[in-house]
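**Student:** What follows is a single structure, and I will ask about it in a moment.
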Amino acid sequence: MDIQAYYKDFAAWITSQTTWEGFGQSVLRIAVIIIIGQVIIWIANKTIDRVVINQTSNRLVLQTRRMTTVGKLVKNIISYAGYFIIGMLVLGEFGVQLAPLLAGAGVIGLAIGFGAQSLVKDIITGFFIIFEDQFAVGDVIQTGTFKGTVEVIGLRATRIHSWTGEVHIIPNGMINEVTNFSMHNSIAFIDVSIGYEEDAEKAISIIRRELERFENDNLVKPPEVLGIQTMLSTEVKVRVTAECLPNTQPIVARALNAYIKKVLDGHGIDIPYPRMVTYHRNERGGDPNGA
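Numbering (UniProt numbering), first residue to last: 1 to 291.
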């Protein structure tokens with residue numbers, strides 16, 4: 001068959017009403033598949049948001065963060081699965097045989113799995129992090145040398161935003177040891193210096209009395225004066241502690257320092273500072289004053 005015959009066959013096919021009817025039906029079906037798929041994913045995501053809101057309304061803050069994290073993870077899984085199904089159905093409309101494709105994808109996936117064990121490890125570790133409630137979005141954690149607020153817990157990696165502005169993206173498989181600063185209340189403590197020339201018991205009594213009026217939004221319990229913590233060569237250290245909301249101990253400690261400094265100044269109690277005593281030797285003898 002020569003080129004002219006091929007051209008005639010192609011022209012007949014391209015101008016055939018049946019061809020365009022079939023093409024139009026395929027385009028319409030693909031559009032319907034995409035639209036319905038998007039609507040189903042949207043409804044599923046909104047349903048998850050509503051369930052999370054209803055479940056967290058009467059829960060503790062820690063449980064709320066966990067529910068929010070699980071909700072985001074489930075939404076991601078639904079989106080991935082939904083788009084995969086949409087893609088398979090669209091390929092089917094183009095005449096692609098799905099059964100051999102899925103079988104081949106299984107073989108390819110098995111081969112990739114052997115070469116991507118770290119990726120599989122990251123995904124499995126991510127599930128355990130969430131369902132064991134090791135930490136959640138919004139928690140302040142430290143893993144290795146990285147410390148900051150958890151922004152995202154993904155299927156493969158966790159994103160941490162440090163207080164100095166850096167964003168650390170850590171594969172879940174590398175998260176071996178975690179310190180969570182947000183699971184329980186924190187304890188803020190400061191050591192107040194009192195010189196030996198001052199009456200330590202009087203100073204402690206004044207601090208304890210004035211701390212009853214100390215207010216801070218992050219406090220869980222009123223501050224407590226434990227007493228003399230250490231005795232140094234020029235001063236004693238009085239320890240003050242306060243139970244506060246998770247990860248707010250630096251804020252409360254700074255507020256306590258400022259408040260106690262003001263209290264001591266108001267009662268004329270000096271905070272010790274370095275001093276130098278100089279002795280002058282009188283080489284001619286006589287009175288030390290020079291007489």
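Cβ atoms here follow ideal geometry from the backbone N, Cα and C, with glycine treated the same way.
By Cβ distance below 6 Å, which residues in the same chain neighbour Phe-181 in space, the five residues on each side in sequence not counted?
**Tutor:** Val-140 and Asn-247, listed in sequence order.
**Student:** Is it true that the CB of Gly-148 sits closer than 8 Å to the CB of Trp-163?
**Tutor:** Contact flag set, yes.
**Student:** Among Asp-49, Gly-268, Val-252 and Pro-274, whose alpha-carbon lies nearest the alpha-carbon of Ser-233?
**Tutor:** That would be Pro-274, whose Cα lies nearest to the Cα of Ser-233.
**Student:** Hey, is the region 250-265 in contact with the region 206-219, meaning 3+ C-beta pairs nearer than 8 Å?
**Tutor:** Yes: at least three Cβ pairs fall under 8 Å.
**Student:** Do you know how far the Cα of Ala-157 is from the Cα of Ser-118?
**Tutor:** Distance between the alpha carbons of Ser-118 and Ala-157 is about 11 Å.
**Student:** At what residues does the alpha helix (DSSP H) containing Thr-230 begin and finish?
**Tutor:** Taken as a continuous stretch (DSSP letters only), Thr-230 belongs to no alpha helix (DSSP H), being part of the beta strand (DSSP E) at 224-231.
**Student:** So, at 7 Å on beta carbons, what are the nonlocal neighbours of Glu-243 in its own chain, with the 5 sequence-adjacent residues on each side left out?
**Tutor:** Once the five neighbours on either side are set aside, the close Cβ partners of Glu-243 are Asn-185, Ile-187, Val-220 and Lys-221.
**Student:** Pull up the CB-CB distance for Thr-143 and Ile-190, whole angstroms please, since I reckon it's below 8 Å.
**Tutor:** With a Cβ gap of about 28 Å, Thr-143 and Ile-190 do not count as contacting.
**Student:** Taking C-alpha atoms, which residue in Asp-122, Asn-216 and Arg-239 lies nearest to Ile-204?
**Tutor:** Of the listed residues, the one whose Cα sits closest to Ile-204 is Arg-239.
**Student:** Check the DSSP bridge columns for Glu-243 and list the partner residues they point to.
**Tutor:** In the DSSP output, where bridge partners are listed per residue, Glu-243 has Ile-187.
**Student:** Starting from the C-beta of Ile-206, find all residues in its chain whose C-beta is less than 6 Å away, skip the five residues before and the five after it, and write them out in chain order.
**Tutor:** Correct list, in chain order: His-267.
**Student:** Under the DSSP definition of a beta bridge, which residues are partnered with Ala-157?
**Tutor:** Its beta-bridge partners are Pro-171.
**Student:** CB-CB under 8 Å to Gly-82, same chain, minus the five flanking residues each way: which ones, in chain order?
**Tutor:** Hits under 8 Å: Gly-37, Ile-40, Ile-41 and Ala-44.
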